[in-house]
Amino acid sequence: MKNLILMIVKRLALGVLTLIMLSLLIFLSVEALPGDLAQEILGQQATPETVAAIRRELGLDLPAHIRYLNWLGGMLQGDFGNSLALRKPIIGLIAPRLENTLFLTLYTACIAVPLSLVLGMMASLFRNGYFDRISNASALASISMPEFFVGYILIYLLALTGYFPSMANINANTPLLEKLYICFLPALTLTLVVTAHMMRMTRAAIINILALPYIEMAHLKGIRPRRIITRHALPNAIAPIVNVVALNLAYLITGVVIVEIVFVFPGLGQLMVDGVKFRDIPVVQATSLVFASAYVGLNLLADIISTISNPRLMRQR
Amino acid sequence: MENSDNCQKYKISAEVSDRETQIKADKLQESYASGKIGRRGFMTGALALGVSLTGASTVVEEVLAATPKAGGRLKIGITGGATSDVLDPGQILDAYMINVSMGQVRPNMTKIMPDGSAQGDLVESWEASNGAKTWKFNVRKGVEFHNGKTLDSTDIVDSIRHHMGPDSKSGGSGVVSGIASIRTDGKDGVIIELNEGNGDLPILLSDYHLNICPSNGDETIDWQSGIGAGAYVLAEHEPGVRTLTKKFANYWNTGNDSFFDEVETLGINDPTARMSALSTGAVDAINNVPAKTAKRLGNMPNVKTLISTGNKQATMPMLCDMEPYTDQNVRNAMKHMLNRQELLDKIFYGYGQLGNDNPVGPANYFRATTDELPQREYDPEKAKFYLKEAGLSSLSVQFHAADTGFAGAVDAGALMRESAKAAGIDIEVVREPNDGYWSNVWMVKPWSACYWSGRPTEDWIFSQIYYSKADWNDTHWKNASFDKLLVEARSETDEAKRREKYVEMQRIVHTDGGLILPVFLSEIMGYRSSVNVPGQVANNWELDGHLCARRWWTA
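Protein sequence lines correspond, in order, to chains A and B.
Here our numbering is used: the first residue of the first sequence is 2, the next is one more, and so on.
Here our numbering is used: the first residue of the second sequence is 329, the next is one more, and so on.
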C-alpha cells in the first residue's frame, strides 16, 4: 500500500511538471502563429492605430516572456487569468463548457465501454467465427471513416428522418432526459469511433491470456469456455484493457472538436478553436491544460487500477 | 433581389373579360390588399363583378398570408459567431453579432430600407445645410431603453463618439473619420459637423458598428449590459453559441415591425450542420448556403432559398507599387486574361453577377450602366497587345490565394492559369494558409485574393479603398484626378452632375486601377415555410439587411 501511495505522489508531481512544460510549449506555438489578438479581432478592418490601441490596452505590447511568466504566476495561485478577447475570468468560460464535454464523454463511455467489453469478450469466445469477423469488420469500418463523415451519415439516417435532432445545442437549463435525447447522435458517433479500439484490445488481451498454460489447465479440468473467459482470463486482462479505455476516454475529452462542430455542441473543443482563431492565448493555455490534465489524470487512474489488479506490478524491480 | 419563392399574385381581373370590369377588379383587389376595405366588402364586390368564389377566396388567402401577424419565435442559424465575441459595438465583427446587436437589440440612428434608401430609426428626421457639411438630426420621441431610461440626444452623441478619436479601438472608426464634431442640441437634437460635405451621412450612420447604447452620463456608454432601444431585449446570451431575445413591452414601433415574440440566434459555423438544422426544422432561416448545394437545398420540402445580389464582391487586388503591376499596361493585360463568365459558372455555380473591375455594385445608386462602361470580356489578343505596349512578350506572375480571401479563390487561380496561357501569361497559384491571411498576404503580396462586402454608397467604397490615402487602399493605387473627383462629388448637390462624376470615377478605376473584380457574389440564404419573408428584401447585408427579426413574421 505504501508503495502505491508513493507511486501516486510521484506520478502526480511528474504530471504537474508535464503540465508546466506543456503550457510553455503551447505558449510558444501560439506565439509563433502569424498575427495577434488585436489583428485577428479587427481582421480585414485593421488599421495600424486601432491595432496599436487594442495591443496597449491588453498588454500585448509587453515582451513574450513577461506575458508568459505573468500568466504562469497567476496559474500557480489557482487563477486562470482573464480572456483577452472577453476580458472576463477564464474559469467562468471553461466551467460550463467542461461540464458539457464531460457529460458527452460520460454518456459515450456508458455506451461504448460496456459495448466494447462485451463485444471483445464474445469475439474472443467465438474466435475466427462469423461473429468475430463481422464485429471486427464493422468496428474497423467505423473507425476508418473520419468522425465528421460518421456524424453526417447518422444525421442523414436518423436526423433527416425525424428521429433525433441534428443539433446538440444544450445549455445548463436543459433537463437531463432531454439532454440525453438531444445528445444521442454525437454520443453514438463517438461510440462508433472509439469502440473498435477498445473492443479489439479486449479481444487481443483475452486471446493472449487464453494461450497461457493455466488456461490450458482449466480446459483440461473441463471448465466451460464462457467461465474460463470471465473468471480466469478477464481478471488478468484488466491491465491492458483499462489502459486502452483510459486512452479512449482521454481522446473523447480532447478529440471531439470535429464532432462538436458537426453537431453544434457547445463543448470545450470549440472554445479552444475560437481561442486559437483569435489568438486568445490565455484561453488556449487554459483549455489545453484542462485537456492535458485529463490525459495525465486518466493515465494515472489506469495505472492505479492495473497495479491493484495485478499486485506483481507494485514490486520494485 | 430575386426570390425563388415565385410569389406571382393571383389577379381576379384575369377572370373577367371586358376592360372596364378588369380595371374595377384591380382597384377592388388593391383596396382590399391595402386594408381600405374589409374581407366582406371585397367578397361581395368581387362576386358582383362576376369573379368566381374560388378566385376571390384565393385573393383573401394571399392577403392574409401577406399581412404580418404577431407572435411566434424566429430561430436563426447563422455564421460568424465566436466564443470570444464581445458586446462592444466597436468590436462587432461578423454576421452573428450584427444580427443580434443591430438587428434585434440595439438599433442605429438610421436603417437601410429594402429599396436601398436610408430611413430614420432612432432619429425621426434630419436636415443638411452648409453644402452637406452640417447636419441636424431630430431624436425620435417616446423611445425607451430596455432599462426604462428615455432615449435622448446624449445617448446618441456618446454612442457615436465611442468610435471616434485617436485612441479608438473600434472597427467603425473609419466610418466616422469624416466627422469633425458631434454635439447635442437640446434633448431632442444632435448636430454633426463634417470635415467635408457628404450627402451620404444618413446611410453611413447605418453602419453595423454604430449601435445606439445608453449613455453613462460621463461621455461613455454602457455597452456591457447589452441594453438598447430595440424591439428585443437580450434575455440569454452565450457568445457565439446561442442568444435568446424577447419582445420589449415598451417598444416604440409595435405593430409596424418586429412581429415575433422571441428570437433565438444559434451560431452554426459548419455549413452542413447549418443546412441539416434548416432541413430538420431546428431553425427557420440560415445564411451562407454554399453555392454548391444551394439547388439541392431549395428542392427540399418546406425549404426555400433566398438569393440576393448586393455589393459583395470577389476581388483580386494588384499592388500598383510593386513589380510588375507598376505599369498600367501590365494591369490592363491582366484584366483581359481572365474569363469572368467561366469563373462565375464554375466557381460560384452561377450565383452572382459579372464584375467589370469596378467596385460599385448592383445595390449602388450611381452605378455605371453597360452603355456608360462596357463589360470587359475575356480577350487574350488584347492582353497580348497590352503586354507588348509594356515592352514584354510574356509574363510570369504569382497569385496568392486562400479560401479566406473568397471561397473558391484557389480554384479560381487554377482556372485563370488556363485562360491566361493564351495571352502568354504564366500564373503560379500560391496556396496560402487561411490563418493570418489578412495580415501576411492581403496588401503584402503583389497579387492576392480578397473580398469586400461592399458599401451602400459610392463615396463610401471609393473613400475607404480607392482613395490614395485610404487606410485600406488594397491596390496601393494613387490617381490624382480620381481623388479630385471624389472630393467634388461628395458635396455636389445636383444629382445629374453627381452621377456624371461617379461614372467618371468608375471609368478611371476600370481602366487605370489595380483592381480585378471578376464577380459580384450572391448571398444565398435558406428559410422554411414556417416564416414569411416579404417579396422584396434588402440586399445591403444578408438576412434582409440583418433586420430579418424586424421585417419577417410567422407564416
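For each residue, glycine too, the CB sits at the ideal point set by N, CA and C.
Inset, instruction - Please name the residue in B:V837, B:G841, B:A460, B:L538 whose C-alpha comes closest to that of R489 of chain B. - result: B:L538
Inset, instruction - Whole angstroms is fine: what's the gap from L533 of chain B's alpha carbon to W463 of chain B's? - result: About 12 Å.
Inset, instruction - Give the residues of chain B in contact with T48 of chain A, contact being defined as C-beta atoms less than 8 Å apart. - result: S501, G502, D799, W800
Legend entry - Amino acids of chain A, ordered along the chain, whose beta-carbon sits closer than 8 Å to that of K497 of chain B: Result: T51, A54, I55, E58.
Inset, instruction - Pull up the distance between the alpha-carbon of V257 of chain A and that of T785 of chain B, whole angstroms please. - result: 45 Å
Legend entry - C-alpha gap between I27 of chain A and G276 of chain A, whole angstroms: 12 Å
Legend entry - is_contact[A877 of chain B, chain A] using C-beta, thresh 8 Å: So no, A877 of chain B is outside the interface.
Legend entry - Pairwise C-alpha distance: P494 of chain B and R668 of chain B: 42 Å
Inset, instruction - Note down the Cα distance separating I156 of chain A from L120 of chain A, rounded to an integer number of angstroms. - result: Going from the Cα of I156 of chain A to the Cα of L120 of chain A covers about 25 Å.
Legend entry - Minimum Cβ-Cβ distance from T593 of chain B to chain A less than 8 Å: no
Inset, instruction - List the residues of chain A whose Cβ lies closer than 8 Å to the Cβ of P494 of chain B, in chain order. - result: E50
Inset, instruction - Take R759 of chain B as the anchor and find which of B:A737, B:S747, B:G506 has the nearest alpha-carbon. - result: B:A737
Legend entry - Close-in-space but distant-in-sequence residues of the same chain around T637 of chain B (CB under 7 Å, 5 per side omitted): G680, Q681, P690, F848, S850, N867
Inset, instruction - Can you give me, in chain order, the residues of the region 566-588 of chain B that have a beta carbon less than 9 Å from any beta carbon in chain A? - result: E566, P567, G568, V569, R570
Inset, instruction - Establish whether the CB of R318 of chain A and some CB of chain B are separated by less than 8 Å. - result: Here R318 of chain A scores only 49 on pLDDT, less than 50, and its place in the model is too uncertain to base an answer on.
Inset, instruction - Ignore the nearest five residues each way along the sequence and tell me which others in Y855 of chain B's own chain have a CB closer than 7 Å to its CB. - result: D612, A613, K632, L634, V861
Legend entry - contact_flag[the region 121-139 of chain A, the region 285-297 of chain A] where n(CB pairs < 8 Å) is 3 or more: In short, these stretches do not touch, since the Cβ pair count stays below three.
Inset, instruction - Using 10 angstroms around the beta-carbon of L223 of chain A, count the other beta-carbons present and answer buried if the total reaches 16, otherwise exposed. - result: Strictly speaking, residue 223 of chain A in this sequence is Gly, with Leu absent from that position. G223 of chain A is exposed by the Cβ-count criterion.
Legend entry - Sequence-distant residues of the same chain with beta carbon closer than 8 Å to L845 of chain B, five excluded per side: Q641, A642, T643, M644, G683, N684, D685, N686, P687
Legend entry - Member of B:E521, B:G626, B:D416 whose CA lies at the smallest distance from the CA of I540 of chain B: B:D416
Inset, instruction - Would you mind sorting S776 of chain B into buried or exposed? The rule is 16 or more other CB atoms within 10 Å of its CB. - result: buried
Inset, instruction - For the region 392-414 of chain B, enumerate the residues whose C-beta is nearer than 7 Å to any C-beta of chain A, in chain order. - result: A410, T411, S412, V414
Inset, instruction - State whether the region 508-527 of chain B contacts the region 414-433 of chain B, with contact taken as three or more CB pairs (one from each stretch) at a distance under 8 Å. - result: No: the two stretches stay apart, fewer than three of their Cβ pairs being nearer than 8 Å.
Inset, instruction - Kindly identify the DSSP beta-bridge partner or partners of I406 of chain B. - result: B:G595
Legend entry - Residue of B:R818, B:A711, B:W800, B:Y795 minimising C-alpha distance to A808 of chain B: B:Y795
Inset, instruction - Report buried or exposed for P64 of chain A, applying the criterion of at least 16 other Cβ atoms within 10 angstroms of its Cβ. - result: exposed
Legend entry - Closest residue to I259 of chain A among A:P312, A:G163, A:I230, A:V274 (Cα-Cα distance): Ranking A:P312, A:G163, A:I230, A:V274 by CA distance to the CA of I259 of chain A puts A:V274 first.
Legend entry - Contacts around N458 of chain B, its chain only, beta-carbon distance under 8 Å, and the 5 residues preceding and following it disregarded: G525
Inset, instruction - Report the rounded CA-to-CA distance for L625 of chain B versus F264 of chain A, giving the unit in angstroms. - result: 19 Å
Legend entry - Supposed close pair S145 of chain A, T203 of chain A - CB separation, criterion 8 Å: Contact doesn't hold; Cβ gap of about 19 Å is too wide.
Inset, instruction - With 8 Å as the threshold, decide whether the Cβ of N334 of chain B is near any Cβ in chain A. - result: The pLDDT assigned to N334 of chain B is 36, lower than 50, so where the model puts this residue is not dependable; a value taken from the coordinates is nonetheless given after this. With 8 Å as the cut-off, N334 of chain B does not count as an interface residue toward chain A.
Legend entry - Interface partners of G36 of chain A on chain B, CB under 7 Å: Correct list: G764, S767.
Legend entry - Inter-stretch contact at 8 Å, needing at least 3 Cβ pairs: the region 565-578 of chain B / the region 369-380 of chain B: no
Legend entry - Members of the region 168-193 of chain A near chain B, C-beta cut-off 8 Å: M168, N170, N172
Legend entry - I351 of chain B, buried or exposed, once every other Cβ within 10 Å from all chains shown has been counted against 16: exposed
Legend entry - Any chain B beta carbon closer than 8 Å to I1 of chain A: Residue 1 of chain A is absent from the structure shown; chain A starts at 2 and stops at 318.
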